[in-house]
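What follows is a single structure, written as structure tokens, with notes after it.
In our numbering, the protein residues as written are 41 to 168.
Put into structure tokens, the structure is as follows:
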């Protein structure tokens, strides 16, 4: 709209409203996961399995989880669900070793966001 390539009406028509509604419904779920300890519990389970292998294995676990989830739901929904878990894992990695810099936080978060930028995958939406 700023470059006048499309009108306001065209912009509104191009919005995928089911995706907006799905994300609006999943954001409170992600908040609830963090508030009630599900995110940290899931992060602890993953860290017990891959924790001794370091941050690279934790990052690989997040990438794999994201890849599997995006096959059954939208990329954005997978990012919303895995963000609290990835952040808890990154925090646990930072506490486990003072040698790990903020890159572990960034790496785990990038793992869940990497595949969420593909808008053509809406497998989790009804009717798609």
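Beta carbons are placed, not taken as given, at the ideal position from N, Cα and C, and that holds for glycine.
Length of the line joining the Cα atoms of residue i and residue j
{"i": "residue 100", "j": "residue 89", "result": "12 Å"}
{"i": "residue 49", "j": "residue 86", "result": "46 Å"}
{"i": "residue 80", "j": "residue 125", "result": "6 Å"}
{"i": "residue 72", "j": "residue 123", "result": "12 Å"}
{"i": "residue 93", "j": "residue 61", "result": "39 Å"}
{"i": "residue 130", "j": "residue 115", "result": "21 Å"}
{"i": "residue 111", "j": "residue 134", "result": "30 Å"}
{"i": "residue 58", "j": "residue 64", "result": "10 Å"}
{"i": "residue 143", "j": "residue 56", "result": "The predicted position of residue 143 is uncertain, since its pLDDT is 46 and thus under 50; a value taken from the coordinates is nonetheless stated next. Taking the straight line joining both Cα atoms gives about 33 Å."}
{"i": "residue 162", "j": "residue 51", "result": "Because the pLDDT of residue 162 is 48, which lies under 50, any placement of that residue in the model is unreliable, and the number read from its coordinates should be weighed accordingly. Approximately 20 Å, taken between the alpha carbons."}
{"i": "residue 68", "j": "residue 78", "result": "13 Å"}
{"i": "residue 113", "j": "residue 106", "result": "10 Å"}
{"i": "residue 132", "j": "residue 74", "result": "14 Å"}
{"i": "residue 102", "j": "residue 76", "result": "21 Å"}
Under 8 Å between C-beta atoms of residue i and residue j
{"i": "residue 108", "j": "residue 70", "result": "no"}
{"i": "residue 128", "j": "residue 83", "result": "yes"}
Whole-Å CB distance - residue i paired with residue j, under 8 Å assumed
{"i": "residue 46", "j": "residue 117", "result": "Actually they do not touch by this definition, with Cβ atoms about 27 Å apart."}
Per-residue burial, residue i [other beta carbons within 10 Å of its own, 16 or more giving buried]
{"i": "residue 54", "result": "exposed"}
{"i": "residue 43", "result": "exposed"}
{"i": "residue 104", "result": "exposed"}
{"i": "residue 96", "result": "exposed"}
{"i": "residue 119", "result": "buried"}
{"i": "residue 139", "result": "Note that residue 139 scores 41 on pLDDT, short of 50, meaning its location in the model is unreliable; the coordinates nonetheless yield the value given after this. So residue 139 counts as exposed."}
Residue i: CB within 7 Å of a non-hydrogen atom of the ligand COA
{"i": "residue 81", "result": "In the structure shown, the ligand COA is absent, as is every other ligand, since no ligand is present at all."}
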